[in-house]
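Notes follow the structure.
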Amino acid sequence: MSTAFHPSSLYDLTVMHNGFLKAAALLGIISVALGAFSAHSLKGMVSEHAVATFETAVRYQFYHVFALMITGIIFKDVKFKTVIWAGWFFIAGIILFSGSLYALSMVQAAVRPGYKWIGPITPIGGLCFIIGWLLLFISFFKKN
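Take the position in the sequence shown, starting the count at 1, then add 1; the result is the number in the numbering used here.
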């Protein structure tokens with residue numbers, strides 16, 4: 002069984018290519034907005050630790066916006082399932098890693114006990130980032 006997509010595939014390749022690019026653009030907008038919020042509003046509202054947590058989330062989200070954009074561009078020419086999976090893992094990583102850090106910083110800001118279960122989600126998101134990069138790496142060694 003080949004790992005490349007064929008014209009008869011159920012996937013519309015243009016939609017997948019554009020979908021990753023659209024998701025990257027939207028997540029980029031959110032990154033910049035949250036970064037501005039952190040720099041201008043959050044610092045006066047919460048502890049330095051909560052701000053640092055929030056800024057880590059923004060930074061990793063923004064890094065992986067570029068990874069997702071690159072994935073969309075690569076997929077236009079390299080139509081392997083590993084490229085699609087890389088894009089989905091980058092999206093999952095942003096949601097799980099950055100999303101859990103955003104939630105943790107807000108919980109810290111609200112001084113709400115009982116939300117320690119959010120913390121273990123962050124490494125799962127980090128693992129998604131690693132898997133995304135690994136799949137992209139593997140894609141470069143496949144043959145059409």
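Where a beta carbon is used, it is the ideal one built from N, C-alpha and C, also for glycine. In this text the structure is predicted, and so the values were computed from the model without any measurement.
By the beta-carbon neighbour count (other beta carbons within 10 angstroms, threshold 16), Ala51 is buried.
In the assembly as shown, Met46 is an exposed residue. Its beta-carbon has fewer than 16 other beta-carbons within 10 Å. In the same chain as Phe91, and ignoring 5 residues on each side of it, the C-beta atoms closer than 6 Å to its own belong to His65, Ala68, Leu69 and Gly133, in chain order. In this chain, the alpha helix (DSSP H) harbouring Ile139 covers Ile122 to Ser140. Selection Gly20, Gly126, Leu27 and Phe138 evaluated against Ala93 yields Gly126 as nearest (Cα-Cα).
Taking a cut-off of 8 Å for Cβ pairs, the region 54-61 and the region 32-42 touch, as three or more such pairs fall below it.
For Met46, the three-state secondary structure derived from DSSP is coil.
CA-to-CA, the gap between Ser48 and Ala110 works out to about 7 Å. Across the set Gly29, Ala104, Phe141 and Ile74, the C-alpha of Ala104 shows the shortest separation from the C-alpha of Thr123.
Leu22 and Thr83 do not touch by the CB rule: their CB atoms are close to 18 Å apart, not below 8 Å.
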